[in-house]
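Colleague:
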Amino acid sequence: MPRCELKSGKQVADWLAEVGSQLKDPGNMTLIGSAALLWHAQDRGLSAELPEASMDVDSVTDSEEVAMQFYEALIGSEFERTHGWHVNMMPESVLQDLPAGWKERATQKQIEKLNLMVPAPADLLAPKLKRNEPRDRAHADWARRIGLLG
Amino acid sequence: MFVNGMQLEEYAKLEYGRLLWRVPAFRERLLRHWLDPRHPHAERFAEHESDVRYILESPKGSDQELDAALRKRDLSLRVVVKEIPSVFGSYF
Numbered sequence: 000m001p002r003c004e005l006k007s008g009k010q011v012a013d014w015l016a017e018v019g020s021q022l023k024d025p026g027n028m029t030l031i032g033s034a035a036l037l038w039h040a041q042d043r044g045l046s047a048e049l050p051e052a053s054m055d056v057d058s059v060t061d062s063e064e065v066a067m068q069f070y071e072a073l074i075g076s077e078f079e080r081t082h083g084w085h086v087n088m089m090p091e092s093v094l095q096d097l098p099a100g101w102k103e104r105a106t107q108k109q110i111e112k113l114n115l116m117v118p119a120p121a122d123l124l125a126p127k128l129k130r131n132e133p134r135d136r137a138h139a140d141w142a143r144r145i146g147l148l149g
Numbered sequence: 000m001f002v003n004g005m006q007l008e009e010y011a012k013l014e015y016g017r018l019l020w021r022v023p024a025f026r027e028r029l030l031r032h033w034l035d036p037r038h039p040h041a042e043r044f045a046e047h048e049s050d051v052r053y054i055l056e057s058p059k060g061s062d063q064e065l066d067a068a069l070r071k072r073d074l075s076l077r078v079v080v081k082e083i084p085s086v087f088g089s090y091f
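In order, the protein sequence lines correspond to chains W and A. With numbering that gives the first Met the number 0, the residue at position 120 of the first sequence is 119, and numbering never jumps. With numbering that gives the first Met the number 0, the residue at position 44 of the second sequence is 43, and numbering never jumps.
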């Protein structure tokens, strides 16, 4: 059974720092899903945890080195055993599910050689609200409650 | 959500497989993993290895041409992508 212990933005931030420190060449990553919402909370200094822990971080990259980092963090890996969650490699086309203009509203951060892009919270929630499953609604309520959508 | 008729998770195997197939050491690591006797699909992969290599060697953006070429052999990109084995983190 996959572990399901991703609750805080610090966990995401720590992993990104780890990835950034390992890269020899510049690489891109776009973070989506609930991990991206957690990242925003951390970035804004909010220590709120997800109402329901997540099992994975959804990420997109076109960088070989970053992709190699993804493979080290798959289900069943040592990474999952020590961190309590795994990486879910998403194809680039998943970004087409985001609202038009999402790139202009996204946050970009440089973490050593990692060029991180995180869509704005409202854009991250759009596909979740389209799915409209209980967990998606819970994440939307949480984001609203802690002020990510303000 | 589907990409070229394939579920996201399936298509991700093609996209990331293609990306890292270009790195010789990683390519060898994937092949060792997929042919590992512990891998539940090792036998099946061995039967389809040449077709899987064919699609993983193809460039990004060549899906339509690839699918057309495979259909001439009564295959399809979707069918061959399904033969890309999963990667199990516990012994990768």
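Every residue, glycine too, gets a C-beta built ideally from N, C-alpha and C.
Ignore the nearest five residues each way along the sequence and tell me which others in residue 127 of chain W's own chain have a CB closer than 7 Å to its CB.
Modeller: Excluding sequence neighbours, residue 127 of chain W sits near 135, 138 and 139.
Colleague: What residues are listed by DSSP as bridge partners for residue 85 of chain W?
Modeller: W:55
Colleague: From which residue to which residue does the alpha helix (DSSP H) around residue 67 of chain W run?
Modeller: 63–70
Colleague: What's the gap between the Cα of residue 15 of chain W and the Cα of residue 35 of chain W?
Modeller: 11 Å
Colleague: For residue 78 of chain W, I'd like the list of residues in its chain whose CB is within less than 6 Å of its CB, leaving aside the five on either flank, ordered along the chain.
Modeller: 71 and 72
Colleague: What does residue 15 of chain A touch in chain W if you count any residue whose Cβ is under 9 Å from its own?
Modeller: 60, 66, 69, 70, 88 and 90
Colleague: Could you run through the stretch 73–89 of chain A and flag, in chain order, every residue whose CB is less than 8 Å away from some CB of chain W?
Modeller: 86, 87, 88 and 89
Colleague: Which of the three DSSP states, helix, strand or coil, is assigned to residue 78 of chain W?
Modeller: It is helical.
Colleague: Just the Cα atoms here: how many angstroms apart are residue 5 of chain W and residue 24 of chain A?
Modeller: 31 Å
Colleague: Is residue 147 of chain W helix, strand or coil when you go by DSSP?
Modeller: coil
Colleague: Could you name the residues of the same chain whose beta carbon sits closer than 8 Å to that of residue 89 of chain W, not counting the 5 residues immediately before and after it, in chain order?
Modeller: 31, 57, 58 and 59
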